[in-house]
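So the sequence shown is numbered by our numbering: it starts at 1138 and just counts up by one. Here's the structure we're looking at; comments come further down.
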Amino acid sequence: MKLMIGWLHPGFILIIGALLIPLFKGKWKQAYLIIPPLAALIDVILMYTGVFGEIPFSSWHLPFLGYDLVFGRVDKLSFLFALAFSLASVPVMIYSLHVKSSSEHMCQLVYAGSALGVVFAGDLITLYFFWEIMSVASMLVIWHGATENAHSAGFRYIMWHIAGGIILLAGIVIYIASTGSITFDAIGWNSGSTYLAAMLIFLGFIINAGVPPLHAWLPDAYPESTVTGSVYLSIFTTKSAVYVLARGFTGFGPLMWLGAIMVIYPIFYAVLENNLRRVLSYSLINQVGFMLCGIGMGTALSLNGATSHAFAHIIYKSLLFMSVGSVLFRTGTAKITDLGGLYKTMPLTTIFCLVGAASISAFPLFSGFVTKAMVVQASAFGGLAIVYVLLQLASAGVFEHAGIKVPFFTFFGQDSGLRVKDPPLNMLFGMGIMAFLCIFIGLYPYPLYQLLPYPVDFDAYTAPHVIESLQLLLFASFAFFLLITSGIYPPEGRTISLDTDWPLRLAGGKFIWFVKGPLTSFSNWMDGNVKRIAADFSLLGGEKEERVFIGVSVMLALLFLAFYLIVELLYQWIFS
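Here it is, written out as structure tokens:
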């Protein structure tokens, strides 16, 4: 007989734990910092053992405006992502223990906790609540970069996510008004208002997923955060979006094609980039594309592939950001042109980076090999020839920029003359845990397979698949070094990549000019005239000045009321 106790929300463990950080100082704070993520991980593991009830189960219900908010919807899909998030949080916190800023740790834990809130949300209102907390917390993580570029990138980041949040909120409001339900499951595509709601919700989700051309915020902002902040950023926002898309839009055909675009588009920018963290940011977009392809296909194999690849990606992408962050921590730069030959003095960091590179490249015996293969095979089994070819081309491209370029130019290549040591022990220990997980999942994937949404009838280690993968990797290696030696490969140097954000940057510059120039001048002119008129009225009597103020307030209130009535009438006319 199993002991049954009340369910604890791991997201709240992290958020409350974050709020308590200022109470601790020095070594006590370092000891305390590991407790919230470790407690959240233990909490998630206990879910699997059945201590809180057999999965699936639902907990933490809250009445709200006649609806039932569900903070704890636990099933195989939500559990898998919660395990990935909480499992990654422990080594990442260990990696961050040297950071003295309490506010940075607080923002990072709130960020992680809100992502878990998204995963366990059983309704659209709860989902939106944690979705917005996640956006604000991640912006603050970026701002802790404490540079002018970090502040600017954080501002652009939150503008993207405010826009996405408004779109998502509009979709949720229309969906609730149309269906009368707030339950978050597969979003219906009926005619009329429900179709519009689904489209708006979908658009709000894919902005967070970084789908081109709505992706520019990611490579713009992630490299500007702190060494540890960029690791947190690589985990939560995009994978939370993958989760909600898997929950709400499995089998949606256009999502498959968007994923196919995602796997190809960022490769060209990653090849040209000189900043290692921007290379990894574009690589992140590419990897999310594999996941969205699998979700869009909508088969059991493809969804298992998408979710398992998300799990593996959280581990190996964190490891890559950790290793590059360690280089930045020791050398003060992440520019490829300033690096090279670091394997001589940073041997452990080199090994960890190579493990991450092998995993993302889907080398046999590493984690990416046993997860990405399911998505690729699902496209082949489904007769999706174009998608299959794009996924294979993207696999070669991933190996070129993340599997070879990042470790080769950083740790090998031309010697930069830099002689720096491996990072502190806590950073090495965090990377070591991630590297172990990459190898363990690659060697023994069956525990992960048992957690997937559908029963798994797939074996990655068949002779044809292993041979095919090795041939692809060998060809990509040969092509890379041939291009390097022949001088055809783009030289590493300062680059200006015109991504899809350049029209927004141009428009933003014009907008700022308009605000600082004509609009400010007009505002000053209006302010002067209002003061002059008020002064004239005050000459006629003190009461009239007060009446003018009251009259203007009433007029503005009436204008807002009229605007509301117009919008309400239009809504009733369109959706009646």
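The beta-carbon is built from N, C-alpha and C at its ideal position, and this holds for glycine as well.
Check: Close beta carbons around L1607, own chain, < 8 Å, minus the five adjacent residues each side; Outcome: P1501
Check: G1143 versus F1189 - alpha carbon distance; Outcome: 6 Å
Check: For H1298, the nearest candidate out of V1408, T1375 and G1493 (CA to CA); Outcome: T1375
Check: F1716 (DSSP reduced to helix, strand or coil); Outcome: With the chain represented from 1138 up to 1713, any question about residue 1716 goes unanswered, as that position is not in the structure.
Check: Inter-stretch contact at 8 Å, needing at least 3 Cβ pairs: the region 1525-1544 / the region 1493-1508; Outcome: yes
Check: Counterpart residues of H1198 in DSSP-defined beta bridges; Outcome: V1207
Check: M1399 vs G1426 beta-carbon contact at 8 Å; Outcome: yes
Check: Reduced DSSP secondary structure (H/G/I, E/B, other) of N1412; Outcome: strand
Check: Assigned secondary structure, T1186 (DSSP; H/G/I helix, E/B strand, else coil); Outcome: helix
Check: Candidates T1486, V1557 and S1275: closest to G1250 by CA position; Outcome: S1275
Check: Rounded straight-line distance, which links the Cα of S1420 to that of G1379; Outcome: First, the amino acid is wrong: residue 1379 is Val here, not Gly. Whole-angstrom Cα-Cα distance: 16 Å.
Check: Run of the alpha helix (DSSP H) containing Y1294, from where it starts to where it stops; Outcome: E1285 to T1316
Check: Pairwise C-alpha distance: T1470 and W1268; Outcome: 33 Å
Check: Contact under 8 Å by Cβ, L1417 with F1458; Outcome: yes
Check: Opposing strand residues paired with D1322 [DSSP bridges]; Outcome: The partner list for D1322 (beta bridge, DSSP) is empty, contrary to what the question assumes.
Check: Identified DSSP bridge partners for D1260; Outcome: T1320
Check: Top-ranked residue by Cα proximity to N1563, from L1589, S1532 and T1365; Outcome: T1365
Check: K1472, DSSP secondary structure in three states; Outcome: strand
Check: Proximity of E1410 and G1282 at Cβ, strictly below 8 Å; Outcome: no
Check: CB of V1256 within 8 Å of CB of F1201, strictly; Outcome: no
Check: For A1225 and S1445, believed in contact at Cβ under 8 Å, the rounded distance; Outcome: Not a contact, Cβ separation roughly 15 Å.
Check: Which listed residue (G1154, S1272, R1556 and N1423) has its alpha carbon closest to that of P1349; Outcome: N1423
Check: P1560 and F1466 closer than 8 Å at C-beta; Outcome: yes
Check: The alpha helix (DSSP H) enclosing F1546, as first and last residue numbers; Outcome: V1543 to F1548
Check: Beta-carbon spacing of F1216, D1260 below 8 Å; Outcome: no
Check: Euclidean distance between Cα positions of L1175 and I1182; Outcome: 11 Å
Check: Under the three-state DSSP convention, the category L1156 falls into; Outcome: helix
Check: Buried/exposed call for F1566, threshold 16 Cβ in 10 Å; Outcome: exposed
Check: Sequence-distant residues of its chain with Cβ nearer than 7 Å to A1219 (five each side left out); Outcome: P1147, V1181, L1253, V1256 and F1257
Check: Contact under 8 Å by Cβ, L1528 with V1513; Outcome: yes
Check: Cutoff 8 Å; reference M1336; Cβ partners in own chain excluding five residues on either side; Outcome: G1308
Check: Burial state of L1611 (16 or more Cβ within 10 Å); Outcome: exposed
Check: Spatially closest choice to L1246 from V1229, I1262 and A1572, by CA coordinates; Outcome: V1229
Check: Residue environment, D1552, which counts as buried when at least 16 other CB atoms sit within 10 Å; Outcome: exposed
Check: Range of the contiguous alpha helix (DSSP H) that encloses S1553; Outcome: That residue, S1553, is in no alpha helix (DSSP H); it is neither H nor E in DSSP.
Check: Proximity winner among V1524, Y1453 and L1355, relative to L1395 (alpha-carbon distances); Outcome: V1524
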